[in-house]
Amino acid sequence: MPLPGHDRPVEQLAARPAVEIAVSLAGVALLAVALLANQGWLDRHFLPSFFLARRTYVLLETIARCAIGGLGVSLIVVRARLARILTQSPGRVVQVAVAAALALVASEFVLRHVQLRPAEWLGRDQEPRRMADARLGWRFVPSRTGHGTIGGRTVDYAFDAAGYRVHRPGEPVDPERPTILFTGESVMFGKALTWDESIPAQVGAMLGVQSANLAVDGYGSDQAFLRLQAELPHFQRPVAVVAIFVTTLFGRNLDDDRPHLGPGLTWLPGVAHGRVRSLVQLIAPYRSSDTVERGVAVTREVYDAVVKLATARGATPLVLVLQVGPEDAVEQALRRRIFDGAGLPGLLVEVDPTWRVPGDVHPDARAAHAIAAAVASRLRASATVTATTMTARSSRSPS
């Protein structure tokens, strides 16, 4: 009769081949992932980034592939040794697995007690300050002036009672005057730029028409449309509506952790994802093919709705498509999927990739001026804008 515990080595030896096979299969699976996730697959599921240059993005993806493949090869090479370790101390393996599971649960619990917001909202106290909005997700705090230090200088962000960025306090946008409305995100808003340097202010000055800056930091195309939809009825004489699209920010349109628009421009509330999942998504923003296709379709619907909304009010619509630096094949393909055949009044503007705010990714004053000049030139061709400009000039002329 075997002594107690003497049958354990026999059990370990019997289990070792199965564990070795499992380790080998895990290694083969990791190696397959590294080989199959080629650059074409990565480009389809990891969209272009506004915050990382293409070469940096590809380098990081390549490093990740090599790491996964290297781990797979390592598992295959050390499979026998690892199987021996695992079968000799099964209790410890269980303890480690349980500890890892508990760590994930604890992380989720802790993060749920931290007031997190969508990534685009950024910090609570970052200027310009934002406040919650049930329909839009967030908007700027109205009737205040914030001061942000960026690019080695302090920039003032003044807002009127409607939450539009203005030149200075006490100079609100007058909804009864002829107005060009600008909608979008931080680039259109003029992040890190003074009021005079911002695109809306420069276009307004070039054409002699009041500008209304409706743009809000971190907005997706659907949020920008929703804000335009809410604000346009307040203006008595809208002259033009300028919306912006940046291909490298398209991924933002796919986020569902904020109020967003679905197919048919159906308003949908934000989805509450697990905190750990959201953190992983922020670090590795994988998008399924279905998610990308749906985003392309909804984005096309959004800009078509912007054009129809402006046209219905007698305003000239313009979709500014901004390209920072030469457009690579991936960006071009994505842009064409959204706009080709849509019949939208688009204006593609490419700016020098070195024209960025020091220490930041946003376009600097030189880029904003080039963009504003292109927009103003296009709008001058509009009969509505031309008539408004001529009227404004004649009213300023001495009688």
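Residue numbers (my numbering): 659 to 1057. Glycine included, every Cβ here is placed at the ideal spot set by N, Cα and C.
Taking C-beta separations shorter than 8 angstroms and ignoring five residues to either side along the sequence, the partners of residue 928 in its chain run 776, 795, 914, 915, 916, 917, 918, following chain order.
Excluding sequence positions up to five before and after residue 1022, its CB lies within less than 7 angstroms of the CB of 1013, 1014, 1015, all in the same chain and listed in chain order. Residue 894 sits in coil when the DSSP states are folded into three classes, being neither helix nor strand. The C-beta distance from residue 874 to residue 840 rounds to 11 angstroms, too long to meet the 8 angstroms contact threshold.
For the pair residue 1037 and residue 980, the CB atoms are not nearer than the 8 angstroms cut-off. The region 678-743 is shown to contain whole alpha helix (DSSP H) runs of 4 or more residues at 697-703, 712-735, in chain order. Around the C-beta of residue 905, 16 or more other C-beta atoms lie within 10 Å, and the residue is accordingly described as buried. Excluding sequence positions up to five before and after residue 856, its CB lies within less than 6 angstroms of the CB of 848, all in the same chain and listed in chain order. In the three-state reduction of the DSSP assignment, residue 833 falls in the coil class, being assigned neither a helical nor a strand state. Spatial neighbours of residue 834 in its own chain (CB-CB distance under 6 angstroms, excluding positions within 5 residues in sequence) are listed in chain order as 894. Residue 940 is classed as exposed because its beta carbon has fewer than 16 other beta carbons within 10 Å across all chains shown. Setting aside the 5 residues that flank it on each side, residue 1040 is surrounded in the same chain by 898, 974, each with a C-beta closer than 8 angstroms to its C-beta; the list follows chain order.
Per the Cβ contact rule, the region 709-716 is not in contact with the region 995-1004 (fewer than 3 Cβ pairs under 8 angstroms).
DSSP places residue 823 within a strand segment (E or B) once states are collapsed to three. In the assembly as shown, residue 827 is an exposed residue. Its beta-carbon has fewer than 16 other beta-carbons within 10 Å. Bridge pairing for residue 816: 803, 824 [DSSP]. Unbroken alpha helix (DSSP H) stretches of 4 residues or longer found wholly inside the region 955-1019: 987-997, given in chain order. In this structure residue 944 is exposed. Its beta-carbon is surrounded by fewer than 16 other beta-carbon atoms within 10 angstroms. By the CB criterion at 8 angstroms, residue 891 and residue 871 fall outside the cutoff. The continuous alpha helix (DSSP H) containing residue 1027 extends over residues 1023-1038.
DSSP, reduced to helix, strand and coil, places residue 841 within a strand of the structure shown. DSSP, read as helix, strand or coil, puts residue 872 in coil. For residue 817, the closest C-alpha among the options 810, 808, 802 is that of 802.
Taking each of 881, 960, 743 in turn and checking the Cα distance to residue 793, the smallest one comes out for 881. When DSSP states are grouped into helix, strand and coil, residue 942 belongs to the coil group. The Cβ neighbour count for residue 853, taken over all protein chains shown within 10 Å, is at least 16; the residue is labelled buried. Taking the Cα positions, residue 813 is about 13 angstroms away from residue 787.
Burial is judged here by how many other beta carbons sit within 10 angstroms of a residue's own beta carbon; residue 679 has fewer than 16 and is exposed. Sixteen is the threshold: when 16 or more other Cβ atoms of the shown chains lie within 10 Å of the Cβ of residue 1025, as they do, the residue is buried. In the three-state scheme derived from DSSP, where H, G and I count as helix and E and B as strand, residue 900 is classed as strand.
Cβ-Cβ distances below 6 angstroms link residue 730 to 685, 688, 689 in the same chain, with the five nearest sequence neighbours on each side left out; the list follows chain order.
Burial check for residue 701: the Cβ neighbour count within 10 Å reaches 16 or more, so the residue is buried.
Excluding sequence positions up to five before and after residue 1011, its CB lies within less than 7 angstroms of the CB of 982, 983, all in the same chain and listed in chain order. Here residue 788 carries a strand assignment [DSSP, helix/strand/coil]. Of 1007, 800, 808, the smallest CA-CA separation from residue 903 is found for 1007. Going by DSSP, residue 798 is part of the beta strand (DSSP E) stretching over 795-798.
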